[in-house]
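Below you'll find the structure, written out as structure tokens, and then a few comments.
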Amino acid sequence: MMRRAVALIVAGLVFALPARADQLVTDLSEHQIAIRSNFTGTEILLFGAVEAARPGSRALNRDIVVVVQGPSRPMTVRRKEQMAAIWVNHDSVTYPNVPGYYAIASTRPLEVMATPETMKALRIGIENISPGTPAAHAIDGTPQILPPDDERTFWKALIRNMRRDGLYFSVPGGVTFLGQTLFRATVEIPANVPVGLYTAKVYLLQDGEVVDTISSPLYIDKRGVERFIFRMAHTDPLLYGMIAVLLAAFAGWLASAVMARR
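Residue numbering for the sequence shown follows my numbering, starting at 722 and increasing by one per position.
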């Protein structure tokens, strides 16, 4: 009798436990990208698999979203206005925490995968980036308060500029399943990509809800002479400027000397 009661209690506890959700296993083709003088851009491959809660199952409602972003830094957007037949920089808005690169790939368009509220809460999508509290300034540099509609105009202009430079983009259908569980996505890294630490984050959605996420680091840095010049320009700009002037003067003297001998 006692054994039967214990068995019933154990069975009740097992059935009371929540069902294990599907889980992600992912990795990148490379975690470091070196930028040299001949760098013209590259691609990274993100691949992974979905470990089903029930082996052998294949849920038709699975979606994968891949977001690669970083590094964040302050960015300023200026509005030009015509004054006395010339165009000058007028008002400006500075955002303190803007990703220098933001790429998103998904199995389907975001709007059909989940509600806009869900995507906004997870900050998935270019329009849902959180750049921090903006600081607006007038033409003379004095702080000012912009109406929300005007501030959104500046933010849209920043996104438009980043899209134009190839640093912000979205690829619906960029994630493809290979069989029942394996998937892959290829993300382009343009030549003008900023250096620093990046994050490749993968979301697994089912029925419009996120059931698992996983992140992988990606580091992009300059190598060789390019790294030395880059660091000198940022850590010791005076010395960098003096060397640049001397090299330019030497190049000019050398060119004039060659032309004089002809």
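Virtual Cβ for every residue (Gly too), placed ideally from N, Cα, C.
- Of the residues Val916, Thr797, Val932 and Leu899, the one whose Cα lies closest to the Cα of Ala878 is Thr797.
- In the structure shown, the three-state DSSP call for Ser750 is coil.
- The beta carbons of Gly853 and Asn818 sit closer together than 7 Å.
- A residue is called buried when at least 16 other Cβ atoms come within 10 angstroms of its Cβ; Ile765 meets this threshold and is buried.
- Two segments are said to touch when three or more pairs of C-beta atoms, one from each, lie closer than 8 Å; by this definition the segment 902-910 does not touch the segment 841-857.
- Among the bridge pairs identified by DSSP, Gln744 is matched with Glu772.
- Counting other Cβ atoms within 10 Å of its Cβ, Val833 stays below 16 and is therefore classed as exposed.
- At a Cβ-Cβ threshold of 7 Å, Val746 and Ala770 count as neighbours.
- Ile860 sits in coil when the DSSP states are folded into three classes, being neither helix nor strand.
- Contact check for Val914 and Ala906: beta-carbon distance about 17 Å, past the 8 Å limit, so the pair fails to qualify.
- Sequence-distant partners of Tyr940 (beyond 5 residues in either direction) whose C-beta falls short of 8 Å from its own C-beta, in its chain, are His752, Gln753, Ile754, Gly917, Leu918 and Tyr919.
- The DSSP assignment places complete beta strand (DSSP E) segments of no fewer than 3 residues inside the segment 897-930 at 903-910 and 917-927, in order along the chain.
- Gly821 and Ile850 have their C-alpha atoms some 12 Å from each other.
- Here the segment 884-892 does not lie against the segment 924-935, with fewer than 3 beta-carbon pairs under 8 Å apart.
- Under DSSP, the beta-bridge partners assigned to Ser936 are Lys922.
- At least 7 Å separates the beta-carbon of Ala856 from that of Leu867.
- A residue is called buried once 16 or more other Cβ atoms fall within 10 Å of its Cβ, and Ser793 is buried on that count.
- Nearest C-alpha to Val814 among Arg800, Ser827, Tyr823 and Ala824: Arg800.
- Within the model, the alpha-carbon separation for Val786 versus Arg757 is close to 31 Å.
- Annotation: the continuous beta strand (DSSP E) that includes Asp784 extends over Arg783 to Gln790.
- Sequence-distant partners of Gly962 (beyond 5 residues in either direction) whose C-beta falls short of 7 Å from its own C-beta are missing from its chain.
- Only buried fits Leu831, as 16 or more other CB atoms lie within 10 angstroms of its CB.
- Here the C-alpha atom of Gly900 lies approximately 31 Å from the C-alpha atom of Glu838.
- Sorting Val892, His811 and Glu872 by C-alpha distance to the C-alpha of Thr863 places His811 at the top.
- Of the candidates Ile880, Tyr816, Ser937 and Arg783, Tyr816 places its Cα closest to the Cα of Pro795.
- The Cβ atoms of Leu749 and Ala921 sit closer than 7 Å to each other.
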